[in-house]
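Residue numbers (the numbering used here), protein chains in the order written: chain A, -13 to 302; chain B, 573 to 1018. Step one of this worksheet: look at the structure below.
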Amino acid sequence: MPKSGYQVVFFLVLFLLLPCITARGAGTEPACNCRGQPLLQDATPPIRGKEVLDLQERLSQLGYYRERADGLYGPATVQAVKRFQADLGLPVTGNMDPATWAYLAWSEEKAVVEQSLPPPQGEISILVDTDALLLIVYADGEPYKIYPVAVGKWTTPTPLGEWQINSMSSVWEGPFGARWMGLSCPFGSYGIHGTDNPASIGWEVSSGCIRMYNHDVIELFDWVTPGTLVTIIGSRIKTVPIPGRLGPGDVGQGVVPLQWRLRELGLDVGRADGVYGKATEGAVRELQHFYRLPASGVADRNLLFLLGLAEGGKDW
Amino acid sequence: MMGRQGAVIGLAVIILVGLYLFYQATQPTYVDPEVQINPDRHYTLEFWDYPLPMTWEDGTNYRDLVQELIAQFEKEHPNITINYRPLPFAQGPELLEQALGRGSPPDVYSEPFPRGIVYHPGLQLPITDFLAPEELASYSPGVLAAVEWEGDLWGWPAWFSPLVWAGNRPLLEGAGLDVSQVQTLGWNWEEFLDLARQLAAGGEGAGIVFSTGPGAEELFYHLLANNGPTSLGGFREEGDGGLVRLAEAAAFTHLLCSEGLWRGGETDPAWLENFWAGRAALVGPVNTWVIRGAGIRALQARHQPDLVFLPPPHGIGAREYSAPTLALVRVFRQRRFQGADQVKAAMEFARYFSQKQGQAVAQRLWSLPAYRPGDLLAGGEGELSPANIRFLLRSQDYLLPLPRDLAQWRQEEKWKGEVLSPGLEKLLSGELTPREFAEQVFAQLQ
């Protein structure tokens, strides 16, 4: 096929894939900040970098790349990608486009897919431990299955708190992998999703979302519904910046430690959802009644100090 | 004929029902303490309580404690079931009043902040005869006196804590205060004023921090209670003597303000932090558990200032009183009397709960369990200095009495809000002299 023919096929494939890449299921959240794998293609001069090196190692693991990994997207790499695309029935372009990345991830995971468990019974909830990099599914409060995950980088941390799944999509999207489950976090768009880079699982590398292997996220997707509770914990709670005063209407990560501390004391704050709503205000008033402080419902510096949440007195 | 017979029978039924209802409603509040719980009857006791926001090292909180105590009691009394209802602080007192109004209060009502001794003379039951003589000796006379009215005790005291002034010893001693003497003998307003002046002269930020919230009436009321009569009603009853005492308190308050030692009504937004960082010499009046809550981390980190508790300063010639927090567990009967054995069951649970709960929470609050058999320790053991613990023990001798009933409590609150508060505003702005303030307030108390 002449070169112009390849270009026609490439754009045709791209056109066909476009809805899959951009479309989202009904009711999904706006896209989070997670970035997909880069588009790698045959270019002059050749693309060079860590991404290429990672790709070569991954293709090598699957038996498609047989040269020494040099980080250069040259003819050997292009041929390896073409062989892979041909085997998977993809358009043979030699370019690492979103679909190829996704299929690469899928192929890698096929080797580690374990036998699926039957769906859990009872009330399902999820705990994500950002320290252990694990996602644990609970059925009626009992652990049912544990998955490895990737979470946010230090600079783009995964939001700690108690969220609910508020959108679900089974459309395969580049960086989101096989499934997307949006979280109800009010101060950013975050979700639990699959990945086009399975090698990232087990690391703090995302933009705040929780990444899972695609076969895992597919299994999990079928077990949850909109409204499923997702609790995200981690030692980073100790370093969450807390303003010197928190009051009704405040929204943010800084509200969550206050909500958790109030609950620890036996006060009802509802969900620790980062929103200083009626329940949090009521709990603060209760505490103020107990301490015989003016029952304003506002967590001022004195109250935050009492709770060990003020700067200078922080013990979390 | 039948019609007349029917009318007679109907009338008889009405009379009998009326007599029964009258009998039910006029059952005496006295219940024979010798009455026995019927082992063949199952009792269900309604129990209301305010969950105290506190935790223990093992991660349990107050609600867990209550559930554990209830479970233990039910295990020991298999024919008694406790229905526990946790109340919010903000609405609980009103919920109780509504229940009393309906004639259906809970059997047992536990509260940390009582508003008076007797809430309902017909439905609240005295505990006097249910206290065994040997048990009586384990309660402090000062605590029992605080819940006594007309020769009866109107609730099981659980724990109590005085309102204190908390100080940093080095700063206080640096300003020339004999801390040990004040702890044991108390101090008067002149000594307090001298200290405040010394501290103020010593530099910004190391002075006295008044912890009262917006509005000056709480601090003034606290000072007033330490200048003779212990309530506004008491000042009124004292006549001219009361007027003089009121004017003295006003003059003292005015002096504090005019010398810049107290900015009436303003609260330092970081007074707790300043205190524990050693930047404030004295804070008050405060509950012991506020100081503990804020300072426990500092205590654990061994960066604590040399903490001392001091009594409230009092007027010249007056004795000191401390407004206590005195947690009580009350027993009620319902308008529809459910029997003396039901009361006995409620008394047993109230006794059990007040004694166990008082001991369990004392350490977390730096308070004192009201029931202290043998050598039972006071709260704060291991965390407070022996001198502070001695001070806490001594405080039970100067507890401010509770209002007699809800009517008296309401009257005092009304006076505070409608008479004291606007009067103080004028006093602190200079619109009224202390004498004019006292006369105006005194006239409105009449």
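C-beta atoms are modelled at their ideal positions from N, C-alpha and C, and glycine is treated no differently.
- Message: I'd like the list of long-range same chain contacts for Ile223 of chain A, defined as Cβ closer than 8 Å, with 5 residues on each side in sequence excluded.
- Response: Leu146, Val242, Pro243, Trp246 and Trp302
- Message: With three or more C-beta pairs closer than 8 Å as the rule, is the stretch 626 to 635 of chain B touching the stretch 665 to 675 of chain B?
- Response: no
- Message: Quick check: the Cα distance between Asp636 of chain B and Ala643 of chain B, rounded to an integer number of angstroms?
- Response: 10 Å
- Item | Residues from the stretch 618 to 631 of chain B in contact with chain A, defined by Cβ distance under 9 Å | Tyr622, Pro623, Leu624, Pro625, Met626, Thr627 and Gly631
- Item | Residue nearest to Pro734 of chain B in terms of C-alpha spacing, selected from B:Trp728, B:Gly850, B:Gly746 and B:Ala718 | B:Ala718
- What does DSSP give as the partner residues of Leu735 of chain B in its beta bridges? B:Asn859
- Item | Straight-line Cα distance separating Leu695 of chain B from Ala281 of chain A | 31 Å
- Query: At least one CB of chain A closer than 8 Å to the CB of Glu845 of chain B: is that the case?
  - Reply: yes
- Other residues of its chain near Ala823 of chain B: CB distance less than 7 Å, five sequence neighbours each side excluded: Pro1006
- Query: Using a beta-carbon distance below 8 Å, is Val933 of chain B in contact with chain A?
  - Reply: no
- Of all Cβ atoms in chain B, is any one closer than 8 Å to the Cβ of Leu244 of chain A? no
- Query: DSSP state of Gln1016 of chain B, grouped into three classes?
  - Reply: helix
- Query: Quick one: which chain A residues come within Cβ less than 7 Å of Ala866 of chain B?
  - Reply: Phe291 and Leu292
- So with Cβ pairs under 8 Å, would you call Gly252 of chain A a contact of chain B? yes
- Message: Less than 8 Å between the C-beta atoms of Gly163 of chain A and Gly180 of chain A, yes or no?
- Response: yes
- Helix, strand or coil at Lys131 of chain A [DSSP, three-state]: strand
- Query: When DSSP labels each residue in this structure, what does Gly60 of chain A get in the three-state scheme?
  - Reply: coil
- Bounding residues of the beta strand (DSSP E) (the contiguous stretch that carries Arg982 of chain B): No beta strand (DSSP E) contains Arg982 of chain B, which is instead part of the alpha helix (DSSP H) from Leu978 to Trp987.
- Message: Counting only C-beta atoms, is Leu113 of chain A closer than 8 Å to chain B at any point?
- Response: no
- Message: Using beta carbons (cut-off 8 Å, strictly below), is Tyr277 of chain A in contact with chain B?
- Response: yes
- Query: Residues bridged to Arg657 of chain B by DSSP?
  - Reply: B:Trp620
- Check whether the stretch 748 to 765 of chain B touches the stretch 880 to 888 of chain B, counting contact only when three or more Cβ pairs, one atom from each stretch, lie closer than 8 Å. yes
- Message: Tell me which residues of the stretch 900 to 916 of chain B have at least one Cβ-Cβ distance to chain A shorter than 8 Å, keeping chain order.
- Response: none
- Message: Less than 6 Å between C-beta atoms, sequence neighbours within five positions excluded: which residues of the same chain meet that for Tyr893 of chain B?
- Response: Ala797, Asn798, Thr802, Tyr970 and Leu972
- Query: Does the stretch 640 to 654 of chain B come close enough to the stretch 958 to 966 of chain B that 3 or more CB-CB pairs lie under 8 Å?
  - Reply: no
- Query: If you follow the beta strand (DSSP E) that Pro896 of chain B is part of, which residue opens it and which one closes it?
  - Reply: Pro896 to Phe904
- Task: For Val1024 of chain B, go through chain A and note every residue whose CB falls closer than 8 Å to its CB, in chain order.
- Result: With chain B covering only 573 through 1018, there is no way to say anything about residue 1024 of chain B.
- Whose Cβ in chain A lies nearer than 8 Å to the Cβ of Ala797 of chain B? Residues of chain A passing the Cβ test: none, with the nearest at roughly 15 Å.
- Query: If we count the other Cβ atoms within 10 Å of its Cβ and call it buried at 16 or more, is His886 of chain B buried or exposed?
  - Reply: buried
- Message: Would Val114 of chain A and Phe173 of chain A qualify as a contact pair, given that the criterion is a beta-carbon distance under 8 Å?
- Response: no
- alpha helix (DSSP H) segment containing Val751 of chain B, residue limits: Val751 to Leu757
- Task: Please state whether DSSP places Arg287 of chain A in a helix, a strand or coil.
- Result: helix
- Item | Given 8 Å, three or more beta-carbon pairs between the stretch 199 to 210 of chain A and the stretch 122 to 140 of chain A | yes
- Integer-rounded CB distance, given that Phe702 of chain B should sit under 8 Å from Val715 of chain B: With 8 Å as the limit, Val715 of chain B and Phe702 of chain B do not qualify as a contact, their Cβ atoms being about 16 Å apart.
- If you count every other CB in all the chains shown that lies within 10 Å of the CB of Gly35 of chain A, and 16 or more means buried, which is it? exposed
- Task: Quick one: list the residues of chain A neighbouring Arg635 of chain B, beta-carbon separation under 8 Å, in chain order.
- Result: Gly252
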